[in-house]
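Below: the structure, in structure tokens.
In my numbering, the protein residues as written are 10 to 210.
Below, the structure is given as structure tokens:
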């Protein structure tokens, strides 16, 4: 498997058409094309597009990049294209011997959470956020409306948990957290956008 410089222009047109039609309004990060300076992220997404649906070994990506860009022993950017950029890419294996597969450019990665700058926080957006994880607490997994498995005397209720309690409760700084976890963690921890503890304050 390989991707040559003379293939990039046509593949980019195909990528941009997919992006404009399906991903632009989903918050997925757009990758720009500069013929004078091909970035690793552009090379990676176009390589995967060329072999869409197929398993692409990381070694092939590394070797291909080393033929056109600054040589590296470990082509890492591809692993960021999923959850961070938003592309529906499957990955597996170790850092060196892993592989990637582009599933689709018609939908974002199912676990992608786009960054938003606006301060608006509607009830509909809150309900949508909860539904992304099946109305479960993003810290412990307890399901809303059911008995909490850690405290059988409590019915699980999802509350607006702060990612960072020092910042305002905006959409970018909120995740669904059950009443049990919210009471335990209080305002003493900083979480990432998926409900995992980042550090203690």
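By construction, the Cβ of each residue, glycine as well, lies at the ideal position given by its N, Cα and C atoms.
Is residue i near the ligand NAP - that is, is its Cβ less than 6 Å away from at least one heavy atom of it?
i: residue 159; result: In the structure shown, the ligand NAP is absent, as is every other ligand, since no ligand is present at all.
By how many angstroms is the C-alpha of residue j removed from the C-alpha of residue i?
i: residue 111; j: residue 82; result: 22 Å
Applying the criterion that 16 or more other CB atoms from any shown protein chain within 10 Å of the CB defines a buried residue, is residue i buried or exposed?
i: residue 120; result: exposed
i: residue 67; result: buried
i: residue 18; result: exposed
i: residue 12; result: buried
i: residue 158; result: exposed
i: residue 191; result: buried
Helix, strand or coil, according to DSSP, for residue i in the structure here?
i: residue 164; result: strand
i: residue 35; result: helix
i: residue 140; result: helix
i: residue 106; result: coil
If contacts are defined as beta-carbon pairs under 8 Å, then residue i and residue j qualify, I think. What distance do you get, rounded to the angstrom?
i: residue 131; j: residue 109; result: Contact flag wrong, Cβ pair sits at about 36 Å.
i: residue 91; j: residue 118; result: 5 Å
Figure out for me which residue from the options has the closest Cα to the Cα of residue i.
i: residue 55; options: 210, 45 and 40; result: 40
i: residue 177; options: 60, 164 and 199; result: 199
i: residue 5; options: 61, 52 and 63; result: Only positions 10 to 210 of the chain appear in this structure, which leaves residue 5 out of reach.
i: residue 138; options: 184, 98 and 208; result: 184
i: residue 140; options: 186, 157 and 156; result: 186
i: residue 163; options: 179, 63 and 152; result: 152
i: residue 99; options: 194, 196, 160 and 61; result: 61
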